[in-house]
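The UniProt record's numbering puts the first residue of the sequence shown at 1, with every later residue one more than the last.
We put the beta carbon where it would ideally sit given N, CA and C, even for glycine.
Single-structure report; data block below.
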Amino acid sequence: MFCVVSALADVTLRTPFKNHAVFQRGIKIPVWGTADPGEKVLVELGKQKANAVADAAGKWMARLDPMEAGGPFEMTVKGSNEITVTDILIGDVWICSGQSNMEFQVNSGLNARQEVAEADYPEIRFLAVTKKVADEPQESTWGSWTLCSPKSAGGFSAVGYFFGRELYRELKVPIGLINSSWGGTPIEAWMSREVLESEPSFKVFITRWERAKESYDRQRQRYEEQLAEWDILSESAALAGEPAPKRPKPPVALNEFLMKPACLFNGMIYPLIPFGIKGAIWYQGESNAGEARKYQKL
1 MFCVVSALAD VTLRTPFKNH AVFQRGIKIP VWGTADPGEK VLVELGKQKA NAVADAAGKW
61 MARLDPMEAG GPFEMTVKGS NEITVTDILI GDVWICSGQS NMEFQVNSGL NARQEVAEAD
121 YPEIRFLAVT KKVADEPQES TWGSWTLCSP KSAGGFSAVG YFFGRELYRE LKVPIGLINS
181 SWGGTPIEAW MSREVLESEP SFKVFITRWE RAKESYDRQR QRYEEQLAEW DILSESAALA
241 GEPAPKRPKP PVALNEFLMK PACLFNGMIY PLIPFGIKGA IWYQGESNAG EARKYQKL
């Protein structure tokens, strides 16, 4: 007699759906995650309910009706298991992206001690996206929402914080700030490959990377061959009581996050799509300073 047991996968939520999150007001609210293929998922937020069914790949998405600014709310997601997300606010959500200009922290700015001490805005929430380079679009990333307080504000993007604080004071609605930035990076790393391929003048970035990669691969292969030869010669020299030949140097490694088109879009932007946002702020340019004409279109 045989007994067949199916291993059920828990329903999961993607990164933006964590405690203390801010959801965008005034638009449909997409909520998504993974489950067993065909599994039914129920999402409840406030008085709303929305249903979804996981597709063949185990992905599901439910959409809740638009909500006005407010909260806090509790959201439950039910399938083979149940997830509860607490202290959710409805307000305006902004992506903060770029290079070191956007990474620059409140702690390092002018009057930092005073600014941090006064940063008591529990309805402003921060989400820092983990840095990641990826060849292909990623489904998930890491990070958690943090309430703005004197304990947390110092480590957040100064541009993001002061921008969010100004909005909060003016609009008097919760503000969510998602920091997805990386110092020293060029704009093409933050753009999707589809967009770069859609404009003839942008294709130079893809061609440049492909040529650099081909050159590196050739150098790496030659280095491996030279290293194998060196091992043989070194062993022969040791047996003969002679000094070993000079060890070959490996080629300089490619700095992917500086050169590879779309690698940060894939790893740090795509996982957030289609999370509802009000807009994005962008502070970058130095890494593309030598290509100002192209940057006009980029």
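{"Asked": "With H, G and I counted as helix, E and B as strand and the rest as coil, what does DSSP make of Gln24?", "Found": "strand"}
{"Asked": "Reducing DSSP to helix, strand and coil, say where Tyr221 ends up.", "Found": "Rather than Tyr, the amino acid found at residue 221 in this sequence is Gln. DSSP places Gln221 in helix when its eight states are reduced to three."}
{"Asked": "Return the residue from the list Pro37, Phe23, Ala56 that minimises the CA-CA distance to Met75.", "Found": "Phe23"}
{"Asked": "For the region 73 to 92 and the region 10 to 25, state whether three or more C-beta atom pairs, one from each stretch, are separated by less than 8 Å.", "Found": "yes"}
{"Asked": "For Ile90, count neighbouring Cβ atoms within 10 angstroms of its own Cβ and tell me buried if that reaches 16, exposed if not.", "Found": "buried"}
{"Asked": "Determine the burial state of Ser108: buried for a count of at least 16 other Cβ atoms within 10 Å of its Cβ, exposed for fewer.", "Found": "exposed"}
{"Asked": "Work out the CA separation of Arg113 and Asn266 for me, nearest whole Å.", "Found": "36 Å"}
{"Asked": "Runs of 4 residues minimum, wholly inside the UniProt domain \"Sialate O-acetylesterase\" (92 to 214): which ones carry the alpha helix (DSSP H) assignment?", "Found": "100 to 103, 112 to 117, 158 to 171, 193 to 198"}
{"Asked": "What residue range does the beta strand (DSSP E) around Ala62 cover?", "Found": "59 to 64"}
{"Asked": "Buried or exposed: Phe275, going by 16 or more other Cβ atoms within 10 Å of its Cβ?", "Found": "buried"}
{"Asked": "Quick check: Ile27 and Leu64, are their CB atoms within less than 7 Å of each other?", "Found": "no"}
{"Asked": "Alpha carbon to alpha carbon, how far is Arg211 from Pro200?", "Found": "17 Å"}
{"Asked": "Going by the CB atoms, is the gap between Ser144 and Lys18 shorter than 7 Å?", "Found": "yes"}
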